[in-house]
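Before any comments, here is the structure.
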Amino acid sequence: MRWGDSDVEFVRPVHWLVVLHGKQTIHCRLLNVSSGNLSAGHRFMAKQPVKITCASSYETDLKSAGQVIADFSVRRRMISRQIARLANRAGGVPVVDPGLLDLVTGLVEKPHSLLGSFDVSFVKMPSEVLVSSMRDHQKYFHLVDEQGTLLPCFIAVSNIRSKQPARVRQGNERVLKARLSDARFFWDEDRRRTLESRVTSLKSVTFHHRLGSLYDKTLRLEILAGQLARHLGQDPSLSSRAARLSKADLVSDMVGEFPNLQGTMGRHYADHDGEKRAVSRAIEEHYLPRQAGDSLPGSGLGRIVSLTDRVDSLVGLFSAGEEPSGDRDPYALRRAALGIIRILIEKRIDLDITTLIDMSVDAYQQTDCPIEQEAPRRVSDFLVERYRALYLAAGFRNDEITAVTQTGAT
1 MRWGDSDVEF VRPVHWLVVL HGKQTIHCRL LNVSSGNLSA GHRFMAKQPV
51 KITCASSYET DLKSAGQVIA DFSVRRRMIS RQIARLANRA GGVPVVDPGL
101 LDLVTGLVEK PHSLLGSFDV SFVKMPSEVL VSSMRDHQKY FHLVDEQGTL
151 LPCFIAVSNI RSKQPARVRQ GNERVLKARL SDARFFWDED RRRTLESRVT
201 SLKSVTFHHR LGSLYDKTLR LEILAGQLAR HLGQDPSLSS RAARLSKADL
251 VSDMVGEFPN LQGTMGRHYA DHDGEKRAVS RAIEEHYLPR QAGDSLPGSG
301 LGRIVSLTDR VDSLVGLFSA GEEPSGDRDP YALRRAALGI IRILIEKRID
351 LDITTLIDMS VDAYQQTDCP IEQEAPRRVS DFLVERYRAL YLAAGFRNDE
401 ITAVTQTGAT
């Protein structure tokens, strides 16, 4: 960030500056702040300035006089130990996401963790909803039992050791209860409508101004999934059904509040509607892989819908002039291409890239959205480039990759 009239970027505004060499203060001025040997302690627990006696005592001075644990790794270990101790007290196993642990560590100066609980009736909702409420919204750590079942309790990390810990715990429980009550309302309301009834609502969501709405994309996916299923010897009707419902949960209240649950809520709602289990599973799996190293769709139906979704985006967006260049890739087309390559290779699917692209072009034509003439070739070349990048990163020589790709995309 920048502040004032300075062009210098830093994570937060600079209000004081300590520059020491041994015990000697090095006088300088930076960002309109003069250096000295005074720092600041914990904003609630040590309001007086903290004198740093020498450079080597920086951490100990801040800890003793300032109530601040300066070392990130030390705070991280403190939080991990506190979480383990509280989880053991609750008779559960903590689920510690490393990213969340790092985030929380950066938010506190002297961590103090506390154990809270919520009404067991909320556990009737899908566990993913509760976990998202705790982890993403409140930055809490959730607990499970030995079988992996979610427990009605959580661990929060505070920046102070309160003289009234019960009030702090109750405050956290009250906030979480409000979150979970909202989620339960969304869960109950969303199930009043079927996923099928939501498909036409996708007309109000733009995919791309030259490629139509998400409803238009859904029609293409429905056509393409059926064609691809027949080509691969899978059930075309189930594939088309899964493709038709794959985006319907995007217009649900729950996904509107918890975007990271797209696909997951589609699976739950499809199960509630009585859709075949293979269809429900494919709705969730078609988003896989979400990033490099992520797991791939585990079912044949999930792989078909995943491939159709990605190739539809590649063909259409290349035709619309949105192909990646340099660092610019707003539609994550590199990730989409890598997903196609990984699914085909790791799941040993016998399918030419050109055949998949041609099927997508045909689906666009059937829905009155013609594709620019050179787009299919550019998509094919792009996929070959991503294939090359993948195997170069894996340690293969350039000439080895060229020997495989010189005949074109297959």
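For the record, in the sequence shown the residue sitting at position 205 is 205 according to full-length UniProt numbering, with numbers rising by one throughout.
Every residue gets a Cβ at the ideal spot worked out from N, C-alpha and C, and that includes glycine.
Note down, in chain order, each residue of its chain lying with its Cβ closer than 6 Å to the Cβ of Pro94, except the 5 sequence neighbours on either side.
Ile83, Ala87, Phe141, Leu143
When the Cα of Pro324 is compared with those of Val379, Lys276, Leu202, which residue comes out closest?
Val379
Nearest-angstrom Cα distance between Gln365 and Gln227?
14 Å
First and last residue of the beta strand (DSSP E) that includes Ile341?
Run containing Ile341: none in the beta strand (DSSP E); it sits in the alpha helix (DSSP H), 333-346.
Along the chain, which unbroken stretches of the beta strand (DSSP E) at least 3 residues long are found entirely within the region 197-254?
206-208
Given a cut-off of 8 Å on the beta-carbon distance, is the pair Asp190 and Met125 in contact?
no
When the Cα of Ile340 is compared with those of Asp188, Asp145, Thr354, which residue comes out closest?
Thr354
Closest to Leu195 by C-alpha separation, out of Val123, Arg167, Asp273, would be which residue?
Asp273
If you draw a straight line from the C-alpha of Gly171 to the C-alpha of Met359, how long is it?
Here the C-alpha atom of Gly171 lies approximately 56 Å from the C-alpha atom of Met359.
Is it buried or exposed, Met134, if we count other Cβ atoms within 10 angstroms and call 16 or more buried?
buried
With DSSP as the reference, label Phe258 as helix, strand or coil.
coil
Are the CB atoms of Gln138 and Leu176 within a distance shorter than 8 Å?
yes
Taking only runs of the alpha helix (DSSP H) that begin and end inside the region 265-330, which ones reach a length of at least 4 residues, in chain order?
Within the region 265-330, the complete alpha helix (DSSP H) segments at least 4 residues long are 277-285, 300-319, listed from N- to C-terminus.
Can you find at least 3 beta carbon pairs, one from the region 394-409 and one from the region 334-351, that sit closer than 8 Å?
no
Assuming Glu109 contacts His42 under a Cβ cut-off of 8 Å, what Cβ separation, rounded to an integer in Å, is found between them?
5 Å
Assuming Ala242 and Val279 form a contact by the criterion Cβ under 8 Å, report the distance between their Cβ atoms to the nearest whole angstrom.
With a Cβ gap of about 5 Å, Ala242 and Val279 count as contacting.
Any idea if residue 417 is buried or exposed, counting beta-carbon neighbours within 10 angstroms, 16 or more meaning buried?
The structure shown does not extend to residue 417, since the chain spans only 1 to 410, so no value can be given for it.
Less than 8 Å separating the beta-carbons of Ile223 and Ser246?
Inclusion of Ile223 and Ser246 in the CB contact set at 8 Å is not warranted, their separation being larger than that value.
Below 8 Å on the Cβ atoms is my guess for Ala248 versus Leu202; work out the distance and round it to an integer in Å.
7 Å
In whole angstroms, give me the CA-to-CA distance for Gly36 and Arg75.
26 Å
Go ahead and label Lys23 buried or exposed: buried means 16 or more other beta carbons lie within 10 angstroms of its beta carbon, across all protein chains shown.
That one is exposed.
Taking the CB atoms as reference points, tell me whether Ala394 and Ile304 lie closer together than 8 Å.
no
For Glu9, which residues in the same chain have their Cβ closer than 7 Å to its Cβ, ignoring the five residues on either side in sequence?
Met1, Arg2
Which value, in whole angstroms, describes the spacing of the CA atoms of Ile155 and Pro236?
47 Å
Please report the distance separating the alpha-carbon of Ser158 from that of Leu180.
21 Å
Looking at the unbroken alpha helix (DSSP H) that takes in Lys177, where does it start and where does it end?
165-190
Can you name the residues that DSSP bridges to Lys51?
Leu38
Please check the pair Ser299 and Arg281, which I expect to be a contact at CB under 8 Å, by giving their CB distance rounded to whole angstroms.
5 Å
Cβ atoms of Ser117 and Glu59: under 8 Å apart, would you say?
no
Need the endpoints of the alpha helix (DSSP H) that Phe72 sits in, please.
Segment 72-90, the alpha helix (DSSP H) holding Phe72.
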